[in-house]
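Asker: Numbering-wise (UniProt numbering), the sequence shown opens with residue 1 and increments by one.
Even glycine gets a Cβ: it sits at the ideal position worked out from N, Cα and C.
I am attaching a structure below and will ask some questions about it afterwards.
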Amino acid sequence: MKRVFLVFFVLIITFLVATFFTTNLNHRPTPSPLPTYSPQIIDHESELKIRAQELELALKKTRIMIKNNLKDYSFPSSIPGSNIKSREEILAFREKMECITTKGKWIFDDTPREILKHKQETLYGKCDKRLQSSFDLNKKNSSIEEIWENTRNSVKYIWKPSPQCPLPNFTREDFCSLITGLKFLLVGDALSFQLHELLLDYFHDGPVQCYGQISCKEHVLCRPSPPFEDFSNLTSKMKYIRNDILSNRKVILLPEDHGIMELRNLELPWSPFSYHYNVVILNKGHHYQSDKIFRLTLINAIIKIRKNRPDTLIIFKSTTLGHQNCDDPDLKPLATNYNINELKNLPYHWDEIHKQNMIAKEIVEAAGGVYWNLEHIMESRVDGHIGGRDCLRWCIPDRIFTAIE
């Protein structure tokens, strides 16, 4: 269980380094500038009761669909693609991951330490460009202390989990040894593209070839150490394909598209290639679908993966909330997450994100996959956004390494 836990832990830490963004803002409504809202007056107890009932009903319908559609792909006592082979190990793994992601808090830590350097897409460097400092963060021969002194405060927070679930210590070399020979496929909207960027920042040292935020060539994460450097089957690799709603299209354009590509939801084919990959990481982001359509789409995606390669390790990365009015450079993490009144008045179906995350959790875990919960961790992080008209994405670097030191 140690190996699979460390793999997921590194993914969590990688996310904490800079977090997600969602999709090209030309393809969706933007949360800033904000529309004018008239906040509703809400009775807390009754609203909480209604939401609990709605969630339970949604999960009940989900379990029925799972029973009817995933009975041939159920793994109650193992996680395919991992070394977890018993029900007891599954429960222990999920309990520890849930503890790390929900029983903790953000702590400001001004101790100088190395900062992840972003190498690709310049959009995520906007926060550093706005920083009122003449210091060049990329200047050669600068000390860690010099760089730290001129770094944004939003980078200086660390995620402090409960003492019940301390974070393990490891190095890049440790992680490379764990993923020797594995191939990762990242599928989803531009949330998955940012994860691709972050993993490359941490692991990859060389040229990167991507086609905007739509698709990328396969890139190397780790090469085998001597004397095995010539064994290509030991090289770990990663590829990103954009499909905003996780559809199972086999071609980019269907006859009913009449030769026009839909820009609101990009749906590049991905499932025909999934059998080449040991690990598939899925994400839907902020592309809203009804609960019914979301259930069906995700179940079909899971079935396709399992048919292509039954031993694939499937990970579903949860969607995180956007934040309103994120331009203030002096913003700090919220002391508490949103209350029921604040959730109810959020725009763009943001108040339904938790429900659909829980739907995804039911489906993915029933099929022997892993639900990667980042919703709670990032809900309070109103700071560090790209800003302007974009209060959904965060800059890179951000969320400094908490254990990768």
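Whole angstroms are fine: how far does the CA of L182 sit from the CA of R172?
Answerer: So the two alpha carbons sit approximately 15 angstroms from each other.
Asker: Distance, Cα to Cα, residue 422 vs T62?
Answerer: Past the edges of the chain, shown from 1 to 405, lies residue 422, and the structure says nothing about it.
Asker: Which of helix, strand or coil does DSSP assign to P397?
Answerer: In the structure shown, P397 sits in coil (DSSP, three-state: anything other than H, G, I, E or B).
Asker: Do A360 and Y348 have their C-beta atoms within less than 8 angstroms of each other?
Answerer: Against a cut-off of 8 angstroms, the Cβ pair of Y348 and A360 comes out as no contact.
Asker: Which residue marks the beginning of the beta strand (DSSP E) containing C222, and which one marks its end?
Answerer: C222 -> beta strand (DSSP E) spans H219 to C222.
Asker: Any idea if F228 is buried or exposed, counting beta-carbon neighbours within 10 angstroms, 16 or more meaning buried?
Answerer: That one is exposed.
Asker: In whole angstroms, what separates the C-alpha of V220 from that of G188?
Answerer: Their backbone Cα atoms lie some 20 angstroms apart in a straight line.
Asker: By Cβ distance below 6 angstroms, which residues in the same chain neighbour H385 in space, the five residues on each side in sequence not counted?
Answerer: Only C326, C391 and W394 meet the Cβ criterion.
Asker: For N265, which of helix, strand or coil comes out of DSSP?
Answerer: In this structure, N265 counts as coil in the three-state DSSP scheme.
Asker: Taking 8 angstroms as the limit between beta carbons, can you name the residues of its chain near R295, skipping five residues before and five after?
Answerer: Excluding positions up to five away in sequence, the list reads K61, T62, M65, I359 and I363.
Asker: Grab the span of the beta strand (DSSP E) containing W148 for me, first residue to last.
Answerer: No beta strand (DSSP E) holds W148; the alpha helix (DSSP H) holding it covers I144 to E149.
Asker: Is N345 helix, strand or coil by DSSP?
Answerer: N345 falls in the coil class under three-state DSSP.
Asker: Return the first residue and the last residue of the alpha helix (DSSP H) that V364 is part of.
Answerer: Looking at the DSSP string, the run of the alpha helix (DSSP H) that includes V364 is I353 to A366.
Asker: Would you tell me roughly how many angstroms separate the C-alpha atoms of D174 and P226, rounded to the nearest one?
Answerer: One C-alpha to the other measures close to 15 angstroms.
Asker: Just list the beta strand (DSSP E) runs in the segment 312-336, keeping only unbroken ones of 3 residues or longer that don't cross its boundaries, in chain order.
Answerer: As far as the segment 312-336 is concerned, its whole beta strand (DSSP E) runs of at least 3 residues are 313-317.
Asker: Since D109 and I158 should fall inside the 8 angstroms C-beta cutoff, what is the C-beta to C-beta distance between them, to a whole number of angstroms?
Answerer: With 8 angstroms as the limit, D109 and I158 qualify as a contact, their Cβ atoms being about 5 angstroms apart.
Asker: Just to confirm before moving on: does the CB-CB distance between I100 and P163 stay below 8 angstroms?
Answerer: No, they are not a contact pair.
Asker: Would you report the Cα separation of F273 and K239, rounded to the nearest angstrom?
Answerer: Rounded to the nearest angstrom, the two C-alpha atoms are 10 angstroms apart.
Asker: What did DSSP end up calling D390 once you bin it into helix, strand or coil?
Answerer: Strand, per DSSP.
Asker: Out of curiosity, what's the CA-to-CA distance linking I353 and T180?
Answerer: One C-alpha to the other measures close to 35 angstroms.
Asker: Beta-carbon within less than 7 angstroms of D330's beta-carbon, same chain only, minus the 5 sequence neighbours each way: which residues are those?
Answerer: Once the five neighbours on either side are set aside, D330 has no close Cβ partner at all.
Asker: Identify, in the order they occur along the chain, each residue of the same chain with its Cβ nearer than 7 angstroms to the Cβ of I196, setting aside the five sequence neighbours on each side.
Answerer: According to the sequence provided, residue 196 is His. The question's Ile does not apply to it. If we look at H196 and ignore the five residues flanking it on each side, its Cβ neighbours are L186, C216, M238 and Y240.
Asker: Among L246, L116 and D205, whose alpha-carbon lies nearest the alpha-carbon of N300?
Answerer: Checking every option, the nearest Cα to that of N300 belongs to L246.
Asker: Going along the chain, which residues of its own chain have a beta-carbon closer than 6 angstroms to the beta-carbon of L266, five neighbours each way excluded?
Answerer: Hits under 6 angstroms: R242 and D244.
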